[in-house]
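A.B. asks: Position 33, counted from 1, in the sequence shown is what my numbering calls 90; the numbers after and before it change by one each time, with no gaps. Heads up, the beta-carbon is just placed ideally off N, CA and C, and yes, glycines get one too. Computed from a predicted model, the values in this text were never measured in an experiment. Questions regarding the structure given below will be posed in turn.
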Amino acid sequence: VQLQASGGGSMQAGGSLRLSCKVTGANFRIYNVAWYRQAPGEQRVLVASISSDHNRNFADSVKGRFEISRDNVRRTLYLQMNSLKPEDTGVYYCNRDLGADPWAWGKGTLVTVSS
58 VQLQASGGGS MQAGGSLRLS CKVTGANFRI YNVAWYRQAP GEQRVLVASI
108 SSDHNRNFAD SVKGRFEISR DNVRRTLYLQ MNSLKPEDTG VYYCNRDLGA
158 DPWAWGKGTL VTVSS
């Protein structure tokens, strides 16, 4: 399985970004998938997840600001990030949801938010 995340960049606080993650080599539609963030010097944490039947969960820190979605035809996972804060800074990765054996981690996409 290959995971190719894109869409990161440098933004000022309050801005928006849309991340994409193309998943190849897996039957994407059957998996619960998620976005994770790894801030500098910290461990990777779950940001948002979406199940195979489109149930969504969000970390408290992003509720009301981020939206997760998926396109099973395009085998792509999305993360719409609004009202960005400096604490949203980090490398964002997609993978299977917590509790499942992860696929090999891709390179992720870097998001930098300045105040």
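Is there contact between the segment 130 to 145 and the segment 63 to 73, where contact requires at least three CB pairs shorter than 8 Å?
C.D. replies: Segment contact: the segment 130 to 145 against the segment 63 to 73, three or more CB-CB distances shorter than 8 Å; contact assigned.
A.B. asks: Between the C-alpha atoms of R101 and Y150, what's the straight-line distance to the nearest angstrom?
C.D. replies: The residue given as residue 101 occupies position 44 in the sequence shown. The residue given as residue 150 occupies position 93 in the sequence shown. Going by the C-alpha atoms only, they are around 9 Å apart.
A.B. asks: Around the C-beta of L134, are 16 or more other C-beta atoms found within 10 angstroms, so that it is buried, or is it exposed?
C.D. replies: Counting from one through the sequence shown, the residue named residue 134 turns up at place 77. By the 10 Å Cβ count, L134 comes out buried.
A.B. asks: Alpha carbons only, please: which of V168, W160 and D154 is nearest the one belonging to N114?
C.D. replies: Reading the sequence shown from its first residue, position 57 is the one you call residue 114. Closest option to N114, Cα to Cα, is D154.
A.B. asks: By the DSSP assignment, the beta strand (DSSP E) with I87 in it spans what residues?
C.D. replies: Translated into the one-based positions of the sequence shown, residue 87 becomes position 30. Careful: I87 lies outside any beta strand (DSSP E) and carries neither H nor E.
A.B. asks: Taking its Cβ as the centre, do 16 or more other Cβ atoms sit within 10 Å of N112, making it buried, or is it exposed?
C.D. replies: If you number the sequence shown from 1, residue 112 lands on position 55. Under this definition N112 is an exposed residue.
A.B. asks: By Cβ distance, which residues of its chain are closer than 8 Å to N89, with the 5 residues on each side in sequence left out?
C.D. replies: By one-based count along the sequence shown, residue 89 stands at place 32. Answer for N89: S106, I107, S108, S109, R153, D154 and A157, listed in chain order.
A.B. asks: Taking only three categories from DSSP, how would you classify D117?
C.D. replies: What you label residue 117 is simply residue 60 of the sequence shown in a count that begins at 1. Here D117 sits in coil by DSSP.
A.B. asks: Just confirm the distance between the C-beta atoms of T166 and G65, as a whole number of angstroms; I'd bet it's less than 8 Å.
C.D. replies: The residue labelled residue 166 in the question sits at position 109 within the sequence shown. The residue labelled residue 65 in the question sits at position 8 within the sequence shown. Taking 8 Å as the upper bound for CB-CB distance, T166 and G65 are in contact here, some 3 Å apart.
A.B. asks: DSSP three-state label for E99, please.
C.D. replies: Residue mapping note: residue 99 aligns to position 42 of the sequence shown, counting from 1. In this structure, E99 counts as coil in the three-state DSSP scheme.
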